[in-house]
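Chains as they are written, first to last, in the working numbering: chain A, 5 to 320; chain B, 5 to 320; chain C, 5 to 320.
Where a beta carbon is used, it is the ideal one built from N, C-alpha and C, also for glycine.
Small disclaimer: the values here were computed from a predicted structure and weren't measured.
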Amino acid sequence: MKLQEIANIIGTEFSGEDVEITGMNTLKDATENELSFVSNAKYVKDIAISNAAAIIVDEKTKEYVPDGCVALVVDNPYWSMAILSKSFAPLIEDDELPHAEIGEGSKVSEKAEIANGAKIGKNCTILAHVYIGAEAVIGDNTIIYPNVTVYRDCMIGSDCIIHSNTAIGADGFGFATNKLGQHKKIYQNGNVVIEDDVEIGSNVSVDRAVFGSTLIKTGVRIDNLVQIGHNCEIGEYSVFVAQSGSAGSTKMGRNVVVGGQSAFAGHLNIAPFSTFAARSGITNDIKESGKTFGGFPLLEQRTWLKLQVKIARLLK
Amino acid sequence: MKLQEIANIIGTEFSGEDVEITGMNTLKDATENELSFVSNAKYVKDIAISNAAAIIVDEKTKEYVPDGCVALVVDNPYWSMAILSKSFAPLIEDDELPHAEIGEGSKVSEKAEIANGAKIGKNCTILAHVYIGAEAVIGDNTIIYPNVTVYRDCMIGSDCIIHSNTAIGADGFGFATNKLGQHKKIYQNGNVVIEDDVEIGSNVSVDRAVFGSTLIKTGVRIDNLVQIGHNCEIGEYSVFVAQSGSAGSTKMGRNVVVGGQSAFAGHLNIAPFSTFAARSGITNDIKESGKTFGGFPLLEQRTWLKLQVKIARLLK
Amino acid sequence: MKLQEIANIIGTEFSGEDVEITGMNTLKDATENELSFVSNAKYVKDIAISNAAAIIVDEKTKEYVPDGCVALVVDNPYWSMAILSKSFAPLIEDDELPHAEIGEGSKVSEKAEIANGAKIGKNCTILAHVYIGAEAVIGDNTIIYPNVTVYRDCMIGSDCIIHSNTAIGADGFGFATNKLGQHKKIYQNGNVVIEDDVEIGSNVSVDRAVFGSTLIKTGVRIDNLVQIGHNCEIGEYSVFVAQSGSAGSTKMGRNVVVGGQSAFAGHLNIAPFSTFAARSGITNDIKESGKTFGGFPLLEQRTWLKLQVKIARLLK
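1) For a contact meaning CB atoms closer than 8 Å, what does Ala-246/C contact in chain B?
2) Look at the alpha carbon of Ile-238/B and the alpha carbon of Gly-216/B, and state the distance between them as a whole number of angstroms.
3) Looking at the secondary structure, which residues open and close the beta strand (DSSP E) in which Leu-331/A lies?
4) Our contact map puts Gly-264/B next to Ser-242/B with C-beta atoms below 8 Å; I'd like the distance itself, whole angstroms only.
5) Going straight from the alpha carbon of Val-74/C to that of Ala-34/C, what length do you get?
6) Only counting runs of 3 or more residues, tell me where the beta strand (DSSP E) segments fall wholly within the stretch 213 to 248 of chain C, in order along the chain.
7) Would you say Val-135/A lies against chain B (beta-carbon separation less than 8 Å)?
8) When Cβ atoms are compared, which residues of the stretch 192 to 219 of chain A fall closer than 8 Å to chain B?
9) Could you tell me which of Gly-285/B, Cys-164/B, Asn-145/B sits nearest to Cys-128/B, measuring between CA atoms?
10) Can the beta-carbon of Ala-116/A be found closer than 8 Å to that of Gly-137/A?
11) Quick one: what does DSSP say Val-61/C is sitting in, helix, strand or coil?
12) Who are the near neighbours of Gln-161/C in its chain, counting only those whose CB is closer than 7 Å to its CB and skipping five residues on each side?
13) Locate the beta strand (DSSP E) running through Ser-40/A, then write down its first and last residues.
14) Glu-17/B bridges to which residues according to DSSP?
15) Give the C-beta separation of Ala-122/B and Glu-108/B to the nearest angstrom, bearing in mind that I take them to be a contact with Cβ-Cβ under 8 Å.
16) Check whether chain A comes within 8 Å of Gln-265/B, counting only Cβ atoms and requiring the distance to be less than that.
17) Along chain B, which residues have their Cβ under 7 Å away from the Cβ of Asn-145/C?
18) Which residues of chain A have a Cβ atom closer than 7 Å to the Cβ of Ser-54/B, listed in chain order?
19) Give me the subset of the stretch 295 to 319 of chain C whose CB atoms are less than 8 Å from a CB atom of chain B, sorted by chain position.
20) What number of angstroms, rounded off, separates the C-alpha of His-133/B from the C-alpha of Val-210/C?
21) Output needed for Arg-225/B: all residues of its chain with C-beta closer than 6 Å, excluding positions within five of it in sequence on either side, in chain order.
22) Suppose only complete runs of 4+ residues qualify. What are the alpha helix (DSSP H) ranges in the stretch 270 to 298 of chain C, listed by chain order?
23) With a CB to CB cut of under 7 Å and the five nearest residues on each side skipped, what residues in its chain are close to Ala-251/B?
24) Could you check the C-alpha separation between Phe-179/B and Ile-96/B for me, to the nearest Å?
25) Look at the Cβ atom of Leu-311/C, then the Cβ atom of Leu-303/C, and state whether they are nearer than 8 Å.
26) Between which two residues does the alpha helix (DSSP H) containing Thr-307/A stretch?
27) Closest by CA to Lys-6/B, which one among Gly-15/B, Lys-66/B, Ile-25/B?
28) Does DSSP put Ser-162/A in a helix, in a strand, or in coil?
29) Do you know whose CA, among Ile-124/A, Ser-293/A, Arg-283/A, lies nearest Ile-274/A's CA?
30) For Lys-46/B, count neighbouring Cβ atoms within 10 angstroms of its own Cβ and tell me buried if that reaches 16, exposed if not.
31) Counting only beta-carbon separations shorter than 8 Å, does His-103/A have a partner in chain F?
32) With 7 Å as the limit, tell me which residues of the stretch 149 to 165 of chain A have their beta carbon closer than that to any beta carbon of chain B; keep them in chain order.
33) Can you tell me whether Val-262/C is buried or exposed, with buried defined as 16 or more other CB within 10 angstroms of its CB?
34) Is the separation between the beta-carbon of Asn-182/C and that of Asn-80/C shorter than 8 Å?
35) May I have the straight-line CA-CA distance separating Glu-38/B from Gly-173/B, to the nearest angstrom?
36) Checking the sheet assignment: what are the DSSP bridge partners for Asn-145/C?
In structure tokens:
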């Protein structure tokens, strides 16, 4: 899309070359054909290091945009970004894509739906009522049980098992809100990447990224009814017990163990080999690896246990 | 159904006219062709204002039933109501209903099932393995992702997005229990009404009402794995983060924000612009709007934070 | 499978007869044609009472294996058991099984998939996009709403209702972990047995047993988004409110009531007629019946309420 068209959509003008824009991205990750935005003062510092062709800013922030990068000045950059995100959303299904490719030895139920552009590897088992979206890619030997939905562009590795009624790649929970309290959807144009040897239980939700990928690394085990927010990264061999979840953009090292009904706030960094007892509530980074935590607010598990003894004494 | 037939089903007699009864409802909402019941002393006062043709009561309560309204006297009115609820339940599917109507420009997968009597508006996208029940109505431009189930009689507005594996209109959790501890299903003969511009995540459960409607108003955003109980009303532009939920009959004003894993007890009234931090447990009405709460038992969020500091001091 | 083949798979040798092994089981439940294992010191005492033909043990434990029972000595018996579990897993679907049997008066959607070997009783309603697995058995008058998955070998009784997008019999969350932190799946070769008059909500996960059965007894009511772990037993007329769950192998008596978002640890015994308030966290056996509990750590509900008053006083 030409920059002029973008400016028209969000009702602004610009000076500079009317270049072709191929997508939107964060300031850090945007390439020279992409558009970015500043919606929060803490990202102003990223303007200087951005390769973006153009950046949506407000009046206060426009001065930070360097020469050679177009400033698109609007009242509410986050809202404008939300409006534009729709323009970059691909079609849900696309008849012009080639028919799906199914690898040798794979067994695909006639009652599954494999959208055009999808690729399924060798020796997979795809059961009835599974949906594999456009340009999704599945590795070899992977089993997908009935009523699983894999949204478009998602990638699942080899030797994976996905249990029934799980949704891989539904939209992350993203929207801008205006002063009237109305919401505008931010289209989630990223995807989900699941590496090899991952097993995911039933009724799990793994959301697609807004930009880039939500990433589930090799050997992860996810139990039933778990929520993985957009842009999370789950380290190798990590374990999520039933009904636990993570808000968006939290990154975990390898072999993190998450007890049942535990939950992470968004944008955290969790050290490898961390263990969280059932119903932990994690709201801060975990920097030292190998420790065990519990409670909400979170404490080291042995401290939490000690605290419960002290609390119980209040009854006397 | 004639009143005599109803009396026979629940094993009682009555004096009065053998009128035609078209349905059951609460005392307050019952019309003059409907049946109602009193199962709880706190509703006795509603008898006087009810338009019901007949009311199921026990021996103690029958004296409150005014002239012109038939009293059906039984030992356990709630149990009798449960028995009768089945008689008023419509067929799950009905071959005699006309074929579904699909609006211009709508794309419905051949692998979706649109039951007879359903109506789908213009320019909708209904993907594979979606089920739209009898007499359900979908507005224009609405997208329903794979493996979503919309039960019969439910209504979804225009410009909505419903993500995969979500169930709209499954039965609310209702049953009567007798002295032996056995349960009798209360058929949920209401529906779900979702207004325009609503987005609902994956693996969400929005239950149908026992009478009337469960209501999700314009602009609401619901994340994944959320539970909305029967007869709830969710105000405009409210936001439910993942794994939160509400028991039945709770009514919320507009722009209520519900943090992840939070939950509401049933039958509450929540002021508009209330915000609940993650894992809030709300068991009482919120009367003043614009406040932020947290914890279980619930406190104002800043009070909850202060309390956590005090609790942590117990360790010293 | 011959014992020699089993020894080859797990890289060990044995002395004794090369008998035919038909399955794996716990020490207590293994028959004389089955293989068992000792992975935890607390089960060593069960070796003496086991009828197993052979037992996988480590060097330290082999001395407890009596004459007439073959000891298969390995470094990590649990890991070896996990490897072998795959050998005993049946095919997901089996073209050689006879076509499904559908009882008189049952209405099965053409868009449902009933796998070979399944049996459906009389007067059932099986809606679109339901999957009934191989050799699954459904009783009479049972209603299964769209997008439900019933995995192979599971049994559902008569007069049951299963709501949309629920998964019955997905694999329990079982794996062995080695010193490198890698996981090996333990195939869950048991099933789920649901007795008569059970209603299960939408988006529920009831996992199949690793050996034997996960059991949901007569008259149970399960609300939406509930997790029932492998090998649980839920007593007659018990009630699980939305978003509650139980880890594996917990056994409950009849009429246990579980509030919303409550959860049980695994391997517990819960007395009949126990009631748990919303968000209870149950980590110990409940031995006395008829009591009401709440909180996490769990207390009697009235004690928990008293404690909250004491805690609130800390603010003064």
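Let's see:
1) Within the third sequence, the letter at position 242 stands for residue 246/C. Those are Phe-177, Ser-209, Gln-231, Gly-233, Gly-249, Ala-251, listed as they occur along chain B.
2) As a first step, residue 238/B is located in the second sequence; it is residue number 234 there, counting from the start. As a first step, residue 216/B is located in the second sequence; it is residue number 212 there, counting from the start. Those two C-alpha atoms are separated by around 15 Å.
3) As displayed, chain A neither begins before 5 nor continues past 320, which places residue 331/A out of reach and without an answer.
4) Stepping through the second sequence from its first residue, residue 264/B is reached at position 260. Stepping through the second sequence from its first residue, residue 242/B is reached at position 238. In fact, because the Cβ distance is near 15 Å, the residues do not count as touching under 8 Å.
5) In the third sequence, residue 74/C corresponds to position 70, counting from 1. In the third sequence, residue 34/C corresponds to position 30, counting from 1. Each residue's alpha carbon lies about 13 Å from the other.
6) If one requires a minimum length of 3 residues, the beta strand (DSSP E) runs lying completely within the stretch 213 to 248 of chain C are 217 to 220, in chain order.
7) On the first sequence, residue 135/A is found 131 positions in, with the first residue counted as 1. Residue identity differs from the one stated: residue 135/A is Tyr in this sequence, not Val. For Tyr-135/A, the answer is yes, since a Cβ of chain B falls inside 8 Å of its Cβ.
8) For the stretch 192 to 219 of chain A, the set of positions with a beta-carbon nearer than 8 Å to some beta-carbon of chain B reads Asn-207, Val-208, Ser-209, Asp-211 in chain order.
9) Here residue 128/B corresponds to residue number 124 of the second sequence, with the count starting at 1. Distance from the Cα of Cys-128/B is smallest, within the candidate group Gly-285/B, Cys-164/B, Asn-145/B, for Asn-145/B.
10) Here residue 116/A refers to the residue found at position 112 of the first sequence. Here residue 137/A refers to the residue found at position 133 of the first sequence. The answer is no: Cβ separation not under 8 Å.
11) Residue mapping note: residue 61/C aligns to position 57 of the third sequence, counting from 1. DSSP, read as helix, strand or coil, puts Val-61/C in strand.
12) As a working note, residue 161/C is residue 157 in the third sequence. First, the residue type needs correcting, since residue 161/C is Gly and not Gln in the sequence shown. The beta carbon of Gly-161/C sits closer than 7 Å to those of Gly-143, Ile-198, Glu-199, Asp-200, Val-202, all from its chain and outside the five residues before and after it, given in chain order.
13) Here residue 40/A is taken as the residue at index 36 of the first sequence, counted from 1. 38 to 41 is the span of the beta strand (DSSP E), which, as asked, contains Ser-40/A.
14) Counting from one through the second sequence, the residue named residue 17/B turns up at place 13. According to DSSP, which records beta bridges pairwise, Glu-17/B is partnered with nothing at all.
15) In the second sequence, the residue the question calls residue 122/B occupies position 118. In the second sequence, the residue the question calls residue 108/B occupies position 104. Approximately 16 Å separates the beta-carbon atoms of Ala-122/B and Glu-108/B; this is outside 8 Å, ruling out the contact.
16) Along the second sequence, read from residue 1 onward, the residue named residue 265/B stands at position 261. Yes, Gln-265/B counts as interfacial toward chain A.
17) As a working mapping, residue 145/C is identified with position 141 in the third sequence. Simply none; closest approach about 12 Å.
18) Translated into the one-based positions of the second sequence, residue 54/B becomes position 50. Listed by position along chain A, the residues whose Cβ is nearer than 7 Å to that of Ser-54/B form an empty set, because the closest Cβ is around 38 Å away.
19) The stretch 295 to 319 of chain C vs chain B, Cβ under 8 Å: Gln-312, Ile-315, Ala-316, Leu-318, Leu-319.
20) Translated into positions along the second sequence, residue 133/B becomes position 129. Translated into positions along the third sequence, residue 210/C becomes position 206. Their Cα atoms are separated by approximately 22 Å.
21) As a working mapping, residue 225/B is identified with position 221 in the second sequence. Excluding its 5 nearest sequence neighbours in each direction, Arg-225/B has C-beta neighbours in its own chain below 6 Å: Glu-203, Val-243, listed in chain order.
22) As far as the stretch 270 to 298 of chain C is concerned, it has no whole alpha helix (DSSP H) run of at least 4 residues.
23) Looking up residue 251/B in the second sequence gives position 247. Taking Ala-251/B as the centre and dropping the five residues before and after it, the same chain places the C-beta of Gly-233, Phe-268, Ala-269, Gly-270 closer than 7 Å to its C-beta, in chain order.
24) For the purposes of this step, residue 179/B is taken as the residue at position 175 of the second sequence. For the purposes of this step, residue 96/B is taken as the residue at position 92 of the second sequence. When rounded, the separation of the alpha-carbon atoms in Phe-179/B and Ile-96/B is 19 Å.
25) Along the third sequence, read from residue 1 onward, the residue named residue 311/C stands at position 307. Along the third sequence, read from residue 1 onward, the residue named residue 303/C stands at position 299. Contact: yes.
26) In the first sequence, the residue the question calls residue 307/A occupies position 303. Here the alpha helix (DSSP H) through Thr-307/A covers 305 to 317.
27) On the second sequence, position 2 is the one that residue 6/B refers to. Taking Lys-6/B as reference, the option from Gly-15/B, Lys-66/B, Ile-25/B with the minimal CA-CA separation is Ile-25/B.
28) Here residue 162/A corresponds to residue number 158 of the first sequence, with the count starting at 1. When secondary structure is reduced to three states using DSSP, Ser-162/A falls in the coil class, being assigned neither helix nor strand.
29) By 1-based counting over the first sequence, the position of residue 274/A is 270. Checking every option, the nearest Cα to that of Ile-274/A belongs to Ser-293/A.
30) The sequence position of residue 46/B within the second sequence is 42, counting from 1. Lys-46/B is exposed by the Cβ-count criterion.
31) Any reference to chain F falls outside this structure, whose protein chains are A, B and C.
32) Hits within the stretch, in order: Asn-151, Thr-153.
33) Locating residue 262/C in the third sequence gives position 258, where the first residue counts as 1. Its Cβ being crowded by 16 or more others within 10 Å, Val-262/C is buried.
34) Taking the first residue of the third sequence as position 1, residue 182/C is located at position 178. Taking the first residue of the third sequence as position 1, residue 80/C is located at position 76. Yes, the Cβ-Cβ distance between Asn-182/C and Asn-80/C is below 8 Å.
35) As a working mapping, residue 38/B is identified with position 34 in the second sequence. As a working mapping, residue 173/B is identified with position 169 in the second sequence. Their Cα atoms are separated by approximately 23 Å.
36) Working through the third sequence from its first residue, we reach residue 145/C at position 141. In the DSSP assignment, Asn-145/C is bridged to no other residue.
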